[in-house]
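The listed protein sequences correspond, in order, to chains A and B.
With numbering that gives the first Met the number 0 applied, the first sequence covers 0 to 930.
With numbering that gives the first Met the number 0 applied, the second sequence covers 0 to 124.
Note that CB positions come from ideal geometry on N, CA and C, so glycine has one too.
Scroll down for the structure; my scribbles are underneath it.
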Amino acid sequence: MRFYRLLLHLFPRTFREANGADMARQFADELQAVRGRPIGVAGLWARGVGDVIWHAVLARLRVGWTLSDAPGQVDRSPSRLARRAWLAVGSDLSRDFRLGTRRLVKAPAFTLISVVTLGLGIGSATALFSVVDAVLLRPLPWPEAKRLVSIYGVRPDRAANPAFASSWNRGQVSWPAWHQLRESAAFEAVGVWRRSRQIFTNPGIEDGVDVWYVSKSFLSLLGADEAMGRLFNADEDDDYVQAETIILPHETWLRRFGGRPDVIGEKVHLAYQPGSERVASIIGVLRADVRFTDQPPDFLLPIGQTPPVSRTGTPVVFAIGRLAPGVSIEAAAAAAEPIVRGAESPDSRSARLVSLPDELLGSARRPLWVLFGAAGILLLVACANVAGLLIAEARARRHEIAVRVSLGCGRARVLRQLTVEHLLLGTVAAAAGLGLAVWMTPLLVAMAPARLPGLASVAVDLRVAGFAMGLGVLTVLIFGAGPALTLSSTRPTSFSSDSRSATARHPAAHRAIVAGELGLALILLVCASLFGETLLRLTSRPLGFDPSGLAVISVESMKLPFEVQSPTVEQYLAMSRAERVAHHDAHHRRLQTTWTHTAGVLQRLNALPGVVAAAAQGLNLPFGGRLSSVPSVPLSAEGDPSGRLETAFNQIVTDDYFETMGMPIVRGRGFASADRGEPAAITSADRSASTQAIVSRELERRLFPDGAVGRRLVAAPPYRSVYEVIGVVPDIKQRQFTEAPRPSLYVLDSMVTTIHHLLVKTAGDPAAILPAVRQTIRDYDPSMIVTSTTTMEELIGETIAHERFRARLSSAFGGAALLLAAIGIYSLAARRVAERRREIGVRVALGARPIHVRRLVLRETLLAVTVGLLLGIPLAVVTSQLVRSLLFEVSPTSPRVFGLAAAVLATVALAATVLPASRASRIDPMLVLRE
Amino acid sequence: MAWDVRHVLPLKPLVFQALVVLADADRHGWSLVQELQRRNGGNRLLPGNLYRLLNSMVAEGLIDVVEPSPRERARAAADTGANAERRRYFGLTSFGREVARAEARRLEALVQESRRKRLITTRPR
């Protein structure tokens with residue numbers, strides 16, 4: 000219906016405003032009447048679109064509905080006369096339109112192929128344009144977005160640490176630094192934010208939510224306005240005690256509060272860890288058009304909630320700022336450097352400023368333009384196809400036009416007639432393309448990597464529809480101009496059979512166009528196979544575990560059967576021995592409760608039908624990368640004189656973890672429940688007591704080149720734990736397919752108080768079991784809140800979203816181009832066979848065998864293919880250089896890729912010629928010569 | 000509108016039918032279309048065509064956009080579902096009624112003549 004409403008824009012505005020709503024409603028009623036009958040629906044759409052186009056044209060020409068059959072009724076009022084003048088021109092044009100329509104209807108094959116071809120090209124280009132338009136062309140949705148910068152505190156010393164691989168150069172700045180940055184003349188304004196994953200615990204609803212703590216200035220930098228209530232004020236930036244206020248983004252207001260107008264003053268219960276529940280009252284709701292710099296938060300709290308202890312020197316906030324007018328980003332970075340570094344702090348942090356538009360769009364720009372370019376090439380292929388068809392059509396119509404010219408039809412009249420015909424074709428094709436785009440755009444958005452900014456606002460709007468219509472009309476007019484001009488200059492003398500065969504001998508233009516089309520198709524095929532190969536290379540790297548059938552459930556325990564009071568490392572070191580023992584005792588009692596608790600949940604999950612294995616894990620979920628840094632521990636081999644330290648991921652798992660993850664034990668053995676040990680082993684502060692651990696191959700390679708099983712690992716101070724290696728497991732990818740293997744240390748969940756992720760291996764579709772899993776967890780322990788559920792394959796998919804998007808889209812384009820090229824080749828060959836009937840007849844009469852005739856036709860295709868490849872290969876080489884940075888482990892000029900693309904193209908082209916060739920070989924010379 | 004009724008006759012059949020349908024009750028576009036199709040069969044008028052026709056008829060002063068009576072509204076709502084309320088209703092103008100009457104008389108005269116000349120024999124039921 001949206002498409003129909005768009006189509007109604009063809010009507011003059013006054014007409015549309017008066018009748019549009021009623022018309023759309025009536026059409027909806029008509030659709031309702033044929034619901035459930037696909038053919039009826041298709042027919043109704045076809046008639047409905049035709050009806051709108053036709054009557055819109057008439058309405059625009061001000062041709063009224065003739066109500067009466069009365070002869071010679073004349074009204075002499077000026078408006079009526081003007082209308083009659085219009086009518087005269089209009090009826091001339093409308094005759095052209097009728098004629099054109101009739102011609103298009105009479106040549107259904109030509110019309111259908113042209114409309115489908117052009118529609119495909121226009122549709123893809125339009126759908127891509129709607130994305131490019133929303134993401135790249137429209138300015139970012141913030142005031143003065145060009146002057147916005149992210150201000151990071153960078154820790155170069157951490158660059159080499161795998162635990163900080165993705166975060167070392169995107170660090171936070173400290174609270175005092177924020178205050179000083181605010182005063183700096185280099186910035187007009189500086190806003191800060193920090194995010195936290197919390198649990199929304201309003202009665203009856205329990206869910207994991209993203210909470211952002213933001214400063215007043217942060218909201219004003221984003222140009223955020225309230226739809227209701229108020230925003231934070233300056234007091235709430237600083238006042239820790241008073242700040243019990245919360246702001247709802249529009250989406251949250253709609254989704255969680257039903258868009259009720261009376262939410263102001265309502266209470267929101269949030270907790271970031273068990274026992275930490277707080278209540279804040281809603282003071283405002285943001286407007287729907289507020290856009291955030293990242294995935295939007297669910298709730299906004301004032302930055303003043305940051306505990307006073309964090310406000311001294313520790314970096315706690317992310318900062319963005321708007322440069323003062325005329326200040327360059329380099330100058331601002333220089334001004335920010337001493338502030339971010341901090342006078343007292345020993346912390347070696349330096350400032351890094353990144354322009355916000357560059358940061359958000361930088362990596363998206365080139366791929367999107369590349370894809371848009373690909374859509375453009377596809378459109379060109381489609382245009383070439385239609386141009387070829389029009390040329391062939393023109394050759395076939397010389398006769399008809401010559402008759403008309405000899406009967407006194409002027410050149411202008413012929414030209415106008417042809418132009419109107421082409422316009423009609425273009426409009427219908429554009430409408431088809433627009434329909435395709437309306438259908439394709441949501442698919443594109445669903446397929447696109449979710450983090451593209453502006454993706455939410457992608458829509459086929461008037462601007463995009465205008466683009467499609469313009470494309471359709473322009474392409475047909477441009478590519479129809481040649482044939483139309485040639486045809487309109489037809490002389491009456493060409494109305495003879497001699498010249499008919501004479502023109503047929505010069506199909507060079509058609510052949511050249513088809514060759515060009517093949518060349519363009521080759522470019523798309525090469526791109527498609529380059530991107531496809533990239534995706535293949537990426538995903539064929541071993542993960543080290545088996546993600547199939549693996550469901551991932553993130554949980555948060557809201558209630559623990561005891562008070563948690565973990566000392567900091569410093570506090571721990573300051574304890575007396577007796578205090579430590581007491582602490583360990585308490586800790587152990589706690590652990591015992593939690594792991595029996597976890598074991599209970601796992602046992603119930605294991606009992607679900609379809610579940611093969613279940614395990615739980617602490618924070619370091621592979622591909623669960625929400626954390627900016629991951630728990631890691633520096634380790635050395637016990638007794639290693641060099642004291643070489645390796646930082647390893649600290650993986651906290653349950654007994655069946657390796658079985659659930661599908662990780663084979665390479666050497667040694669896996670965990671057994673006995674490994675949890677007797678309480679005394681952990682409770683005693685005895686340093687020699689060790690914990691059983693399993694290491695990854697990489698850790699073994701780095702610390703124990705001659706085998707790790709049976710050896711002991713020592714954690715560097717302040718941790719000091721000792722681990723006994725009982726087994727070795729393969730390296731697994733933690734974040735992405737391209738990463739190098741990183742050392743990991745696996746220990747049983749006896750070292751944590753809570754688990755964070757449950758992993759369930761299923762025999763069937765893991766997504767199908769999620770509801771049952773949720774229910775099981777709720778039944779087992781209502782205070783254990785499921786904050787998110789997903790599957791491992793989905794998590795992995797997110798990391799290759801860009802590559803997959805490119806590969807899918809470019810192969811769709813490549814496939815479409817191949818299809819169009821096949822149509823082009825087929826129509827060339829078929830047309831040529833039809834034109835050369837006489838010649839072929841003569842040849843057969845003179846003794847040519849069917850194989851010779853077939854060869855004759857195939858030779859022509861081969862010629863076109865050869866020229867096309869000669870043309871396309873250099874172009875494809877240039878194009879592949881442009882996409883070089885998007886490739887992985889594939890050379891942009893890989894002979895395999897080029898060879899494959901060329902072979903596919905040639906095969907398809909020859910296959911498309913088989914039918915016309917065999918038809919040619921069956922030409923009966925007796926019939927032909929008698930014609 | 001200073002129109003002589005005679006200038007508009009004979010009406011196109013569809014226009015006359017529309018006037019007849021509207022003679023006893025104001026209707027909205029969809030109900031008009033359904034009624035016309037019930038009488039004539041065939042495909043229904045599609046929106047583009049229908050509203051251009053209605054526009055022309057309004058411009059010529061034959062019909063006008065009217066406020067429907069509550070009874071009409073209720074009937075229409077029962078006919079075609081919940082949306083009937085928001086549609087525009089069309090009704091005859093006095094000029095339209097006059098034109099329809101004149102056309103009917105013209106046709107009646109034709110029918111009588113045909114009967115006199117034994118083209119048709121049966122009395123209308």
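Check, Outcome
"Option in A:Trp211, A:Val172, A:Trp167, A:Leu220 with minimal Cα separation from Gly190 of chain A", "A:Leu220"
"Distance, Leu230 of chain A Cα to Ser280 of chain A Cα", "13 Å"
"Alpha-carbon to alpha-carbon, Ser93 of chain A and Gly41 of chain B", "25 Å"
"Under 7 Å by beta carbon: chain B residues contacting His8 of chain A", "Within chain B, no residue comes near His8 of chain A; the closest Cβ sits about 13 Å away, beyond 7 Å."
"Alpha-carbon spacing of Ile119 of chain B relative to Val57 of chain B, whole angstroms", "36 Å"
"Own chain partners of Arg504 of chain A with C-beta closer than 7 Å, once the 5 adjacent residues on each side are dropped", "Low confidence applies to Arg504 of chain A: its pLDDT is 43, below 50, so where it sits in the model is not reliable, and the reading given next is rough at best. Around Arg504 of chain A: no qualifying Cβ."
"Residue-chain proximity (Pro9 of chain B, chain A), Cβ-Cβ < 8 Å", "yes"
"Cβ-Cβ separation, Phe812 of chain A to Leu377 of chain A (assumed contact under 8 Å), whole Å", "5 Å"
"Reference Phe317 of chain A, options A:Val213, A:Thr737, A:Ser556, closest by Cα", "A:Val213"
"Short Cβ contact (8 Å threshold) for Tyr745 of chain A with Val721 of chain A", "no"
"Alpha carbon of Val935 of chain A to alpha carbon of Met439 of chain A, nearest angstrom", "In the structure displayed, chain A extends from 0 to 930; residue 935 of chain A sits before or after that span and is not available."
"Under 9 Å from the C-beta of Leu433 of chain A: neighbouring residues of chain B", "Going along chain B, no residue has its Cβ under 9 Å from Leu433 of chain A, so there is no contact; the nearest lies around 17 Å."
"In DSSP terms, what Asn649 of chain A is bridged to", "A:Leu744"
"Ile552 of chain A - DSSP class collapsed to helix/strand/coil", "strand"
"Inter-residue Cα distance where the pair is Arg290 of chain A and Asp460 of chain A", "20 Å"
"For Lys215 of chain A, three-class secondary structure by DSSP", "helix"
"Distance between beta carbons of Val472 of chain A and Ala429 of chain A, contact taken as under 8 Å", "7 Å"
"Residue-level contact to chain E via CB, Met0 of chain A, 8 Å cutoff", "Here chain E cannot be found, since the structure's protein chains are A and B."
"Residue nearest to Pro452 of chain A in terms of C-alpha spacing, selected from A:Phe466, A:Glu532, A:Leu367, A:Leu43", "A:Leu367"
"Element boundaries [beta strand (DSSP E), containing Met662 of chain A]", "Met662 of chain A -> no beta strand (DSSP E), and no H or E assigned at all."
"Interface partners of Ala58 of chain B on chain A, CB under 8 Å", "Gly63"
"Cβ separation of Ile824 of chain A and Thr860 of chain A, assumed to be a contact under 8 Å, to the nearest whole Å", "6 Å"
"Neighbourhood of Pro142 of chain A by C-beta distance below 7 Å, restricted to the same chain and skipping five residues each side", "Gly222"
"Alpha-carbon to alpha-carbon, Asn232 of chain A and Ala815 of chain A", "56 Å"
"Beta-carbon neighbours of Trp211 of chain A, restricted to chain B and to distances below 9 Å", "Result: empty, since nearest Cβ-Cβ is about 42 Å, beyond 9 Å."
"Coarse secondary structure for Pro356 of chain A, derived from DSSP in three states", "helix"
"Contact between the segment 433 to 449 of chain A and the segment 122 to 140 of chain A (3+ Cβ pairs under 8 Å)", "yes"
"Straight-line gap, Val4 of chain B to Val56 of chain A (C-alpha atoms, nearest Å)", "30 Å"
"Burial state of Asp234 of chain A, where buried means 16 or more other Cβ atoms lie within 10 Å", "exposed"
"Spatial distance of Phe94 of chain B from His54 of chain A (CA atoms)", "27 Å"
"DSSP state of Arg321 of chain A mapped onto helix, strand, coil", "strand"
"Contacts around Val315 of chain A, its chain only, beta-carbon distance under 8 Å, and the 5 residues preceding and following it disregarded", "Gln171, Ser173, Trp174, Arg193, Thr305, Ser309"
"Assumed close pair Phe670 of chain A, Leu747 of chain A - CB separation to whole angstroms, cut-off 8 Å", "6 Å"
"Close beta carbons around Tyr779 of chain A, own chain, < 6 Å, minus the five adjacent residues each side", "Val600, Arg603"
"Within chain B, the residues that Trp44 of chain A reaches when beta carbons sit closer than 7 Å", "Those within 7 Å of Trp44 of chain A in chain B number zero; the least Cβ separation is about 11 Å."
"Trp192 of chain A - DSSP class collapsed to helix/strand/coil", "strand"
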